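Report on one structure; see the data block that follows.
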Amino acid sequence: MYQNLNQKQACVFYAIRDWCIQRVCGLNPDPFFLYVNGGAGTGKSHLIKCIHSEASKILSRLPANAEEADISNPTVLLTSFTGTAAFSINGSTLHSLLKLPRSLNPPIQGLGNQLDEVRSELMNAEIIVIDEISMVSKPLFAYVDARLKQIKGTQRPFGGMSVLAVGDFYQLPPVRQSKPLCVYDPEQIDLWQEHFQMITLTEIMRQKDDVAFAEMLNRIRVKEKTDELSQCDRDLLSQAVTAPEECPIEVLHIYATNKNVESHNTDTLKKLHSNIIIITADDFQKDKRTGRMARRDKPFTGGRNDLPDTLNVAEGARVMLTRNLDTLNGLVNGAFGILIKVVRSENDGHIIKLGLRMDNRQPMRHNRSANAASDDLVYIERAEESLKFKGADLDEKKIYANPEVTAALQTMRQASVEEMMPLLQVRETASRPDTLTLIHHNTEGLPSHISDIKSHHEMCLADVLCLTESHLQGSFVADSLHLDGYTMFKRNRHVSYTNFPQMASRSGGGVVVYLRNHFQVQVKQYLHNVTDLEFLVLKVQAPFPALIAVVYRPPDYSLAPFMQNLPQQSLYSGVLRTYYSYHNPVFCVLSSSQS
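The opening position of the sequence shown corresponds to residue 1 in the UniProt record's numbering, with each subsequent residue numbered one higher.
Printed below as a string of structure tokens:
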């Protein structure tokens, strides 16, 4: 998972990872407020999953958390505005997690009797991730801030928690056309401009097989409605257009209005299925004579936001949920499936349930119905949900294109996370012909981490890659352990000790050096009077004569320091980051011109 992070993603990942390590070490770093911006396919969701996995693992070692008997309480909260987005990152909606009311009008309501329960569930939380941030309105964001303050018992912003906001403000805006978070509104509480810094992901990660099309979509993403498309983009778009008569009838169709959608669904259902069942809505009202609730002979006429008056279904038909039922199990607005079974009441034959086989089939984390059979179906009870296809309104006057978003993003403070990869910042200087770049790293087992090393963005910049604790045995070296463009030298633990057989017989240890193929090198396998030491010594001639010694000292084996002239020739030095080892690599760039 971590190996697929590109350089910009890795910078964000390591910045948050370092924050977590500082937090565990008791350094009390200030909370971070970071906004990760990027168009479709730039790897925002993948970055969320990587950060959640690593941060949860590290923060679980906080002293307060380590003493807790129940370690199931999360340290990183994954949230989103919509159920679909929340399910895609294995998270929860903001409303369900924080018990937010449907109406966000002031004054802000507290949790009341629910406070102790929610506080107990979120007591370990240190970071909250909010995906699809573009759909979060300013009132909702203010509610999140107030709720976290109440839960954490502090008036610090967001209750002292760190916030990672992820999304694209060029995508869906908040409902009812309220201003996006990034656009200043003097009439609303502004928590965005004061606290958040932005980093933008630009590299296409998802559609790597069709980068040209993905890049075109991202160009269109930032255009104004009056901007002309280039001829190249027009031609590329035209290739994706299919005549309506050539489209298979069973695939999803998108129309400009819901009226067109309903018409298409009705016609398609008739063409594909003969066993159409019409389900009429059940409305109840109190009977004046008996005082009991009784079913009306004719249902009320529902409004646009209500459930439909009738529902046309057929076994075998494709359906889509249009309400969030169970985010944890993926029963969210936009989830697709097939209607497999219609369940009727044994008493009067009334339809009471619909059995669906969802496209995203996975084991349910809890049963939705105690009476559900073990047939891998999801049963939707009557009056709990409606099923239909939705369409997008493409009326030009209603197309969302807020020019204020562009201006707001251009003025946002940029996050400085590039220092997480220091060697990349000096790559141009380090690649000069008169320099020699060395990296040393305790790998904690080369066979286990060779793929991590190959995918590391900075390891590949080394002229000399010195690795200790290689954990190799015997003379055979697997092809997978070789690096392209490098020659490999190794010395295993069992051949390194003469007078200490107990050390030679222990597993682990060993040193490996990878040297660029174009270097002339002389290997010093043995040194006079040097025994009982896990080492490799290489003598290189260019770009300047250098004697490179790599030594691994087991923790219980003392050794006097050497190579005292290193600081005199060091042009750069620093510490790199890895996700798979707590032994951070160190690097230095040596130059023949340094005095």
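No residue lacks a Cβ here, since even glycine has one placed at the ideal position from N, Cα and C.
All of these numbers come straight from a predicted model, not from anything done at the bench.
Distance between residue j and residue i (C-alpha atoms, nearest Å)
| i | j | result |
| --- | --- | --- |
| residue 351 | residue 345 | 6 Å |
| residue 422 | residue 168 | 28 Å |
| residue 435 | residue 474 | 34 Å |
| residue 340 | residue 440 | 60 Å |
| residue 188 | residue 484 | 57 Å |
| residue 272 | residue 183 | 48 Å |
| residue 122 | residue 74 | 7 Å |
| residue 233 | residue 220 | 9 Å |
| residue 426 | residue 8 | 16 Å |
| residue 43 | residue 215 | 14 Å |
| residue 521 | residue 539 | 6 Å |
| residue 4 | residue 465 | 22 Å |
| residue 450 | residue 552 | 18 Å |
| residue 87 | residue 47 | 16 Å |
| residue 11 | residue 333 | 34 Å |
| residue 549 | residue 468 | 12 Å |
| residue 555 | residue 136 | 52 Å |
| residue 35 | residue 198 | 5 Å |
| residue 72 | residue 349 | 44 Å |
| residue 173 | residue 132 | 10 Å |
| residue 386 | residue 311 | The predicted position of residue 386 is uncertain, since its pLDDT is 37 and thus under 50; a value taken from the coordinates is nonetheless stated next. Those two C-alpha atoms are separated by around 8 Å. |
| residue 103 | residue 140 | 10 Å |
| residue 335 | residue 318 | 11 Å |
| residue 246 | residue 235 | 20 Å |
| residue 81 | residue 429 | 46 Å |
| residue 207 | residue 502 | 54 Å |
| residue 582 | residue 45 | 25 Å |
| residue 405 | residue 330 | 31 Å |
| residue 130 | residue 93 | 9 Å |
| residue 51 | residue 17 | 8 Å |
| residue 204 | residue 299 | 51 Å |
| residue 497 | residue 38 | 54 Å |
Residue from the options whose Cα sits closest to the Cα of residue i
| i | options | result |
| --- | --- | --- |
| residue 328 | 186, 360 and 185 | 360 |
| residue 161 | 198, 192, 77 and 138 | 77 |
| residue 527 | 233, 502 and 547 | 547 |
| residue 407 | 257, 267, 222 and 242 | 222 |
| residue 323 | 589, 178, 246 and 308 | 308 |
| residue 315 | 535, 203 and 279 | 279 |
| residue 248 | 81, 186 and 264 | 264 |
| residue 380 | 581, 320 and 438 | 320 |
| residue 460 | 438, 472 and 72 | 438 |
| residue 125 | 579, 510, 20 and 195 | 20 |
| residue 610 | 592, 267, 418 and 106 | Residue 610 lies beyond the residue range present for the chain, which begins at 1 and ends at 595; the question has no answer from this structure. |
| residue 432 | 89, 572, 486 and 514 | 572 |
| residue 514 | 49, 542, 39 and 490 | 490 |
| residue 525 | 537, 94 and 294 | 537 |
| residue 500 | 516, 534, 486 and 478 | 534 |
| residue 580 | 53, 29, 28 and 37 | 53 |
| residue 252 | 269, 175, 62 and 171 | 269 |
| residue 111 | 480, 149, 482 and 84 | 149 |
| residue 192 | 170, 171, 200 and 165 | 165 |
Integer Cβ distance of residue i from residue j, believed to fall under 8 Å
| i | j | result |
| --- | --- | --- |
| residue 518 | residue 504 | Between residue 504 and residue 518 the Cβ distance is about 35 Å, and since that is not below 8 Å, they are no contact. |
| residue 134 | residue 186 | Their Cβ separation, rounded to whole angstroms, is 21 Å, which puts residue 134 and residue 186 out of contact at 8 Å. |
| residue 194 | residue 403 | At roughly 23 Å, the Cβ-Cβ gap does not stay under 8 Å, so residue 194 and residue 403 are not in contact. |
| residue 313 | residue 356 | Wrong, their Cβ atoms sit about 10 Å apart, outside the cutoff. |
| residue 14 | residue 577 | 4 Å |
| residue 470 | residue 511 | 6 Å |
| residue 89 | residue 49 | 7 Å |
| residue 100 | residue 147 | 7 Å |
| residue 33 | residue 175 | Between residue 175 and residue 33 the Cβ distance is about 24 Å, and since that is not below 8 Å, they are no contact. |
| residue 277 | residue 378 | The Cβ separation is near 18 Å, so there is no contact. |
Proximity test, Cβ basis, 8 Å: residue i and chain B
| i | result |
| --- | --- |
| residue 125 | Among the chains of the structure shown, chain B does not appear; only one protein chain is present. |
_Three or more C-beta pairs below 8 Å linking the segment 406 to 414 and the segment 441 to 454_ = Counting Cβ pairs under 8 Å, fewer than three are found: no touch.
*Tell me the start and end of each unbroken alpha helix (DSSP H) in the segment 240 to 327 that is at least 4 residues and wholly inside, in chain order.*
The qualifying runs are 258 to 272.
*Evaluate the contact criterion for the segment 199 to 219 versus the segment 53 to 61: three or more CB pairs, one atom per stretch, below 8 Å.*
No: the two stretches stay apart, fewer than three of their Cβ pairs being nearer than 8 Å.
*Touch check for the segment 24 to 31 and the segment 145 to 155: three-plus C-beta pairs under 8 Å?*
Contact between the segment 24 to 31 and the segment 145 to 155 is absent, because fewer than three Cβ pairs lie under 8 Å.
*asked:* Whether or not the segment 245 to 261 and the segment 280 to 287 are in contact is what I'm after, with contact meaning three or more pairs of Cβ atoms, one per stretch, closer than 8 Å; do they touch?
replied: These segments do not touch.
*May I have a chain-ordered list of the alpha helix (DSSP H) segments no shorter than 4 residues that lie completely inside the segment 61 to 120?*
Whole alpha helix (DSSP H) segments, 4+ residues: 63 to 66, 83 to 88 and 94 to 98.
*Of all the alpha helix (DSSP H) runs that stay within the bounds of the segment 482 to 564, which reach a length of 4 or more residues?*
Counting whole runs of 4 or more residues, the segment 482 to 564 contains the alpha helix (DSSP H) stretches 501 to 504.
*Kindly provide the ranges of any beta strand (DSSP E) runs that are 3 or more residues long and lie completely inside the segment 389 to 472, ordered along the chain.*
Listed in chain order, the complete beta strand (DSSP E) runs (minimum 3 residues) inside the segment 389 to 472 are 435 to 442 and 464 to 468.
*Minimum length 4: unbroken alpha helix (DSSP H) runs contained in the segment 167 to 223*: Listed in chain order, the complete alpha helix (DSSP H) runs (minimum 4 residues) inside the segment 167 to 223 are 192 to 195 and 211 to 221.
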